Every structure is written in C-alpha cells, then in structure tokens.
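Asker: For the record, the sequence lines run as chains A and B.
Quick note, the first sequence lines up with residues 424 to 833 if you use my numbering.
Quick note, the second sequence lines up with residues 424 to 833 if you use my numbering.
Have a look at the structure that comes next, please.
Protein chains: 2
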Amino acid sequence: MNGKAATRGEAHLSTRTRLERGRTALGPALELVHTGRAPTRAVLTAELGVTRATAGAVAAELEALGLIRIDAKPSAAAGSQGRPSHRLAVAEAGPVALAAQVHADGFRAALVGLGGHIVATAPGCETIDADPAQVLGSVIEAGAQLLRETGRRCVGAGLAVPSAVAEPEGTALNPLHLAWPAGAQVREIFADCVRDAGIEGPTFTGNDVNLAALAEHRHGAGRGARDLLCVATGHRGVGGALVLDGKLHTGSSGLALEVGHLTVRPEGRPCYCGSRGCLDVETDPLAFLTAMGVEPGPEGLLQQARRLLAEHYAEPVVRTAAEELIDRLGLGLAGLVNILNPDRIILGGLHRALLEADPERLRAVVADRSLWGRSGGVPILACTLDHNSLVGAAELAWQPVLDDPLGALG
Amino acid sequence: MNGKAATRGEAHLSTRTRLERGRTALGPALELVHTGRAPTRAVLTAELGVTRATAGAVAAELEALGLIRIDAKPSAAAGSQGRPSHRLAVAEAGPVALAAQVHADGFRAALVGLGGHIVATAPGCETIDADPAQVLGSVIEAGAQLLRETGRRCVGAGLAVPSAVAEPEGTALNPLHLAWPAGAQVREIFADCVRDAGIEGPTFTGNDVNLAALAEHRHGAGRGARDLLCVATGHRGVGGALVLDGKLHTGSSGLALEVGHLTVRPEGRPCYCGSRGCLDVETDPLAFLTAMGVEPGPEGLLQQARRLLAEHYAEPVVRTAAEELIDRLGLGLAGLVNILNPDRIILGGLHRALLEADPERLRAVVADRSLWGRSGGVPILACTLDHNSLVGAAELAWQPVLDDPLGALG
DNA sequence: TGACTTTGTGCCGCTACTAAACAAAACCAC
DNA sequence: GTGGTTTTGTTTAGTAGCGGCACAAAGTCA
C-alpha cells in the first residue's frame, strides 16, 4: 500500500465515524421518549440538560425520521401555568422490531414498536422440534408474515431462548426442556433464518430472563431503578438477571447471574451441580409440588403450581409448602443482595406468585438474612409486563436505533 | 423571581456546564497516559479514535496543564520503521493526590501522582485511637506535612478504611478491628480534617478492598480486564470488590460484594450472621490457624498465618490445613463466578498466599465447581501492587481530573 | 386588560473536532 | 551518498453540534 492509499483509507474511516456519530443528543432523546420519560419538549430539555433550541431541533429531527410524533395541538397539563406544551409520543406507524421467543410450550413471534408496544402477535405452535433451525425457521416465517400484513419497516430482530447464551459465540449452553442439543449455535442459526426470510436489519439473541429484566427495566416494574435484580423460575430451574445503569450485565462470557446454585438449604436435596440444597432445586415448581406431596399433572409444572397456590392457599399443606419455599427464596435473595446490593428486585414465574401470596414474609426473610438489611430493605416487586421476554428481545433490536437513530435509519 | 432573573440564572448554569465540559477528548487522553496505555501520540491517536491533529492538540493541552510530559527528543522503538515518536509520560513534578489509609496496624499517608506512582510516604503510628476524628486528624497532619515538604499541588484527598462504607451517607458500618463506633461518619469527619488542614480539593472515602481493586485494575494485575473480581482477607473477615468497565461497582448503597457470607461448608462453624460455614469464618487467617491447631501469637493473625504457610508448607499439618482452606475458598469463588462471570480474579492477603502455595489446586476447584467452568476457567492472579488500597484512595481523588482535566484544574 | 409564566423558534457565534496537504525523521535499496 | 517508503507530527481550512440570546406564542392570574 502506498502513501496515498493509506491516506485515503484513513480518510474513509474518519468520514464513516463522523457520519455514524450524527447529532449526539439524538439517541438520548429517543430513549427518553421510548421509555416514556419525555412527554414534552420542555421535559426533554431538562432531562437532556441542553437548551430549548437544541431539544426542539432534536425532536424535529426524530419526527422527520418517522420515530416520534409531536402533537400539532398544544395540550395544557391540569393545574399548570404558562404556555401549554405539545405532547411527544412514539410514532404510530413507525418502524418495528421483530421479536421471537422459544419456550417449553412452543414459540411466539411479535412486532414491537418504540415504547415497548406490541403491535402484532403470531400465536406460534404448541410443540418444539428437536432441530433449532426448524423451529427458528417457523418462528421467523410467522414474523415475516406479520411484517407483510402490516407493511411496517423492520429495524432488526431479537430472539429470547430459555438457556444461557455463551458470548461471544452465541451458543445455547443448556436449552432447558427444549430437546435442543446443548451448545447449539442459536445466534448463527437465527441470523441465517432472518436473512433467508429477506428481513433486513441486525439480529440478536439472548437469555429469556435477561431480556425480561431488560424489558421490565425500560417499560415495567423496573423503571427508574439503577441496579435492578430479576429472579424468575419457569418450569424447572431458576434464572437471574441484572441491569446496571440501564444495561444488561451478562458478564464476560454471557454466563453471569447463574443464581440457581446458591445454597439455601444445607441439608437439602442433591443438585445436579454436585452440591445440595441449591436455589434451583429448592424453589422451582417441582420443589413446590414435592413439598405439598402432589404428583405432577398434565397441565405443566408452572401452571399447576400457580393454580394450587392461587386456589388452595387456605389449605394448611399448601400454605406450609409455600412458606417453606418463600423462606428458601428469601435466603437466596438475601445472598444476592449481599453480593449485588440492588436497589430493586423483580420476581417472575412461580417466584412472583410466592411473593404475591405472602409479600410480608418474603420481605422479612430477605431483610433478616441480608447484612444491614434491617435498616432499609430492598423493594421486592412482581413483574408487570405481559410477554416481557418478547419485549426484551425487541429492545435488543431497537438498541442500535436508540444509540444512533441517524446512523441506524438514515 | 422575575423573567430576567430566570433567564440570567439559566444562562449562568449553561455557561458553567460548558466550561466544565472542556475538550471532550482531554479526559480519555489523560486516562490513557495515566494507565500507561498511550506511550506516544501515535498510539493516543489510535486509542482515542481521533485524527493526529486532535491527538496532538490534546497532548499539548495536557502538557500545558502540567499533567503530562512530551519528550523533546524523539526516540525510536527497536526495529520500527518510520519517523520515531516522542514519548509521553506523566509529569514528574505535577500535582499529586493525598492518600490516607487506616488499618488494624495503624495508619499511613502518602502522596500519589498520576500513573499511580507513590511520590512520598509518611509511616504513621502503630496504634489506632478509638476516636475517628483523632486518627484522621493525625493522618491528615502527616499528609499535610508531606505536601509542605514536597511543595506539590494537591488535587484532592482519598481515604481507605477497613469497613463497608454506606452510600450516600459515607458512614463506616463495620470498622473491623479498629475499635471505632459502627456507623461513624468517616466521610464527613475526613472531609472536615482535610478542610481544617487547609488542603484544597474534593475528598473521598471508600472501603479498602474496593480501592485496592480499583488500583489493581488501573495499574496492577487487573489491567485490561473488563469484569474484575477481587477477593481478599486481612486479619478477620473477607472482603470483595468488583470493577466493571473501569468503574467500581459498589451497589446502590455501597454495600455490594459483601462476599463473606457465601456458604462454603454447610456443616461448618457458626457465623455471626446466623448461618454456618460462611466464607468469612472458614477462609480467614484465624480459620487457618485453627485448622492447624495453632494458637494466635503476638505478631498478628495475617502475619502469623502467612509466615507459617511460607516457612512450614512442607509439614503435613500446615499443608492439609492450607488445602482445606483452598478448597473452601475455591467453592466461594466458584459461587461468585456463577453470579458475576468475571474475566479475571485477583486475590489479596492470605487468599493471595493460598493461591501462591498451590495455584493449580485452587484453579481446579474453581473450574470444577463453577458451571461450564471446565470449558475455560477464569484467570486467578495475585495482586501485584504495594499499598494498593492507598493507590486506590488516590485514584478516587484523581477521578475528577481524569474526567475533566480543564474543569478540575483550569 | 395587562402582568406573569412557561414553551417554542430563529439567528449568531463558539468550540471541538475532521480533512487534507505539508513537513519531518527515521528506514531501506541501490 | 540519493531517492523512495513509512510513520509521525503540524498547519490550515472547514464544519457540525450546541450554547447564548432575543423574541414570539399561548396559556393563567389578578
């Protein structure tokens, strides 16, 4: 390479980074509207810490990109003085992200707009093939159908799987109750399926509990939290996730928050990890059924456990079993509080049902067993979003647009 | 307040934020020189992702601020082509941070320049008064003396204490073996002492293990790690710290990484936390002495444990006790790996000595008991810096300068 | 009806960059 | 040596994003 070529190459790189930068307040502004924290340009001005002129220009540019809508008519807030402001909202017919989820009961596809709004859903089938390519092909086919029906532009696609996803390979290490091979290249397979379906935009894959936590942080019970811990149990096993400063903490190889093997009952039942009394085997739906002396029925472990808890909580055997699980869960959460010191905890699946059955008991155990817990106590909440893993998968696909709207769409 | 005053107030705020911002590449550039990652302007150019013109201007400005030095004579790297570059280094007689540390054996004060270089040290006394104000007053007096002797400008002061520090109050919750009252307002007291001594600049207070981790991340065994976990034990109890993306993770109220109460031996000895077999009471120096059947001597638990380990490792009773502790420590670290998934682990105090006694055994236990650990294994290293808590305390004081050199010094 | 409050806009200028050409200082090959 | 190549540093010109400021708009309150 001669000197001229080197100079040109360098110049090209610089040009690209410049174009990719765009107006730097654009991304933060879109994120504020996306998470519902900027209902007007005046609030946007304050939240961004810029002048009104800049906030106005930024909002206008986002509107021109088709991402947000600025009301033509001003609307005064009740009991407010001064000039009424024009409301900001996400655009009605703007672009969408394609979200896909695979779980024990089947799969699901949806289109998710800004603000975490689910625009359209495809029910998906009820059984899961042993071949990931087969399943993901079907899911994407359903998603592509939704895109054709609605005619919306697609910014990218995200997939939620019930498995730890190793970084940076994107392999599913333990696809729980999916009959998929451990170590399946889900990220690569998903990307191939999306490309083959002719859908544009980048693709992303993540663990379902991680993505649920991300969704709850942006649009659900986790809004405003700085250090958010989520713990959830589906049919078997326990999943955890941590959102720090608005970003998922997945660890250096994507395997963080494997919280299932905290010891919560030293003399408890043996766990496949080699230890005893792990959170995983002591607080999942099967543990609940076992504690009640109930045989697993045909309806699914989680459904059965939730139903018994809701309908028969008055019966001593159910109540005792629930309290046992609450105490063990509390012990596990206290351990996590000592290590992570979150400012909010959100529970999903059966753990959510246990919280709702006796919130005081759970909070008391966590406060009692966490260091310095007596002098405060972390808020423990139930998750609030429907299909939060699906919305979280869409968040991944939206992220490039939130980081740099002009670069991703212009 | 009338309209004009409101406009003026707003204008003042905006002006200040503008002045505080300065050249935005200035901070990152200083950090690169500070951590030794930018030996020349050419490297600085590449690391910052800016043009040579910008990197040159930024370096010139940092030199004008008296923070870095640009060699007058170019020096060619061995076996390199092209024009030789001028070396960059931290300024020799530039400003310093005042660092203070309180521990069981006394206290220490030092001046620390950019690059984590200790410029001057005051030995400090050997006993600790029960009154924090008394101790911190003495330590600051020693530091002020150093400042007078050297005549260096001071950018701020940092204090490391062997206790959890609650945020945002800055109280020491468990000042271990200091005979200080739990809940002492150390941050406030320290700030008062610094102000009373006529030392300018902001003040900071943090836990000693946290600060050691920060120092190791910037200047020691943790350089280049993205998710760095540090675990250390002094005389009693175990401390932990986590550095994520170059920033300390202290949790929402400063109490994160209280790793001492992970269960590592279900039928172990009772712990003051109410549980049994906690890492705290199973892997500290006292546990080691107890396992060997040795009575604590007059030299201090840590010193005694380290000496026995170093001098008598060949004796079966010492070796067996060490292996027991290594196994328990490995179990605790594996638990942390499952939750945090760090890409590096650094050990200090007796834990460091245990690692160095039998590194293979410790690594094997961690790999065996962490999920998916067999297919990789986290690097486990000994800490490398002398006085890393002291250097870490200085890092706190340097941080405002690293964030915005012009705003902090101009 | 006017005074006040808040929101939104147009214009000007500053500043931290990029772009591009030039200059300098080493190496190599002949 | 001499010239070409590679890398580093500098100069000059230009620009994008944002702050400062004055003004306009649209409501409430007395």
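Positions of the beta carbon are idealized from the N, C-alpha and C atoms, including for glycine.
Only a predicted model underlies this, so the values are computations on that prediction, with no experimental measurement involved.
#1: So B:Val609 packs on B:Pro555, CB below 8 angstroms; how close in whole Å?
#2: When the distance is taken between beta carbons, is B:Val801 closer than 8 angstroms to B:Arg767?
#3: Are there any heavy atoms of the ligand ADP lying less than 7 angstroms away from the beta-carbon of A:Glu722, as far as the coordinates show?
#4: Under three-state DSSP, which class holds B:Ala527?
#5: Within 10 Å of its beta-carbon, does A:Arg641 have 16 or more other beta-carbons around it, so buried, or fewer, so exposed?
#6: With respect to the alpha helix (DSSP H) encompassing B:Arg492, which residues constitute its N-terminal and C-terminal limits?
#7: For the region 766-795 of chain A, which residues have a CB atom closer than 9 angstroms to at least one CB atom of chain B, in sequence order?
#8: A:Glu611: which of A:Tyr695, A:Gly771, A:Leu748, A:Gly593 sits nearest, CA to CA?
#9: Quick one: what's B:Ser508 bridged to in DSSP?
#10: On a CA-only basis, which of B:Asn633, B:Leu829, B:Thr550 is nearest B:Cys806? Give me that one, please.
#11: Check distances from the C-beta atoms of the region 618-645 of chain A to those of chain B and list, in chain order, the residues that come in under 9 angstroms.
#12: Name the chain A residues whose beta carbon is nearer than 8 angstroms to that of B:Leu684?
#13: For B:Gly815, which residues of its own chain have a beta-carbon under 6 angstroms away from its beta-carbon, when the five flanking residues on both sides are left out?
#14: To the nearest angstrom, report how far apart A:Thr438 and B:Pro828 are at their CA atoms.
#15: Closest by CA to B:Gly547, which one among B:Gly536, B:Gly539, B:Arg531?
#16: For the beta strand (DSSP E) holding A:Gly579, just list the boundary residues, first then last.
#17: Between A:Ser586 and chain B, is the shortest Cβ-Cβ distance under 8 angstroms, so that the two count as touching?
#18: Between the region 782-793 of chain B and the region 498-518 of chain B, do at least 3 Cβ pairs fall closer than 8 angstroms?
#19: What is the rounded straight-line gap between the Cα of B:Ser793 and the Cα of A:Pro462?
#20: Which residue comes first and which comes last in the beta strand (DSSP E) that contains A:Arg767?
#21: Might you give, ordered along the chain, the residues of its own chain that have their beta carbon closer than 7 angstroms to the beta carbon of B:Val558, omitting 5 neighbours on each side?
#22: Pull the bridge partners of B:Cys701 from the DSSP assignment, please.
#23: Determine the direct distance from the alpha carbon of B:Gly539 to that of B:Thr585, and round the result to whole angstroms.
#24: Tell me the start and end of each unbroken beta strand (DSSP E) in the region 744-823 of chain B that is at least 3 residues and wholly inside, in chain order.
#25: Counting only the same chain and skipping the five closest in sequence on each side, list residues whose C-beta sits under 6 angstroms from that of B:Cys740.
#26: Along the region 692-711 of chain A, where does the CB come closer than 9 angstroms to a CB of chain B? Name the residues.
#27: By the 10 Å Cβ neighbour count, where 16 or more other Cβ atoms means buried, how is A:Ala710 classified, buried or exposed?
#28: Between A:Asn630 and A:Asn811, what straight-line distance do the alpha-carbon atoms span, to the nearest angstrom?
#29: If we cut at 8 angstroms on Cβ distances, does B:Ser498 have a partner in chain A?
#30: Along chain B, in chain order, which residues have C-beta atoms closer than 7 angstroms to that of A:Arg506?
#31: Distance cutoff 8 angstroms, beta carbons only. Does A:Ser503 sit that close to anything in chain B?
#32: Under the rule that 16 or more other beta-carbon atoms within 10 Å means buried, what is A:Ala737, buried or exposed?
#33: How far does the alpha helix (DSSP H) with B:Asp420 in it extend, from its first residue to its last?
#34: Run through chain B and tell me which residues come within less than 8 angstroms of A:Leu678, C-beta to C-beta.
#35: Cα-Cα, which of B:Leu748, B:Leu819, B:Leu725, B:Gly459 is closest to B:Arg784?
#36: If you drop the 5 nearest sequence neighbours on each side, which residues of the same chain put their C-beta closer than 8 angstroms to that of B:Leu599?
Answerer: The relevant details are as follows:
#1: 6 angstroms
#2: yes
#3: As presented, the structure is devoid of all ligands, the ligand ADP included, so that no description of it is given.
#4: coil
#5: buried
#6: Here B:Arg492 belongs to no alpha helix (DSSP H); instead the beta strand (DSSP E) covers 491-493.
#7: Asp766, Arg767, Asp791, Arg792, Ser793, Leu794, Trp795
#8: Comparing alpha carbon positions, the residue from A:Tyr695, A:Gly771, A:Leu748, A:Gly593 closest to A:Glu611 is A:Gly593.
#9: B:Ser498
#10: The candidate whose alpha carbon is nearest that of B:Cys806 is B:Asn633.
#11: none
#12: Note that residue 684 of chain B is His in the sequence shown here, rather than Leu. Per Cβ cutoff of 8 angstroms: Gly758, Asn761, Leu794.
#13: Leu634, Ala635, Leu637, Ala638
#14: With a pLDDT of 31 at A:Thr438, under the threshold of 50, the modelled position of that residue is not reliable, and no figure is offered here.
#15: That would be B:Arg531, whose Cα lies nearest to the Cα of B:Gly547.
#16: 577-584
#17: no
#18: no
#19: 46 angstroms
#20: 767-771
#21: Within the same chain, B:Val558 has close Cβ partners Val525, Phe530, Ile551, Asp552.
#22: B:Thr686
#23: A small correction: the amino acid at residue 585 of chain B is Pro; Thr does not occupy that position in the sequence shown. Roughly 21 angstroms between the two C-alpha positions.
#24: 767-771, 803-805
#25: Checking the sequence shown, residue 740 of chain B turns out to be Val, not Cys. Excluding positions up to five away in sequence, the list reads Met715.
#26: Listed by position along the chain: Cys696, Gly697, Ser698, Arg699, Gly700.
#27: buried
#28: If you take the alpha carbons of A:Asn630 and A:Asn811, they lie about 12 angstroms apart.
#29: no
#30: Neighbours of A:Arg506 on chain B: none; closest Cβ ~13 angstroms, over 7 angstroms.
#31: no
#32: exposed
#33: What is shown of chain B runs 424 to 833, which leaves residue 420 of chain B out entirely.
#34: Asn761, Asn764, Leu794, Trp795
#35: Closest option to B:Arg784, judged by alpha-carbon separation, among B:Leu748, B:Leu819, B:Leu725, B:Gly459: B:Leu748.
#36: Ala527, Pro585, Ser586, Gly657, His658, Arg659, Gly660
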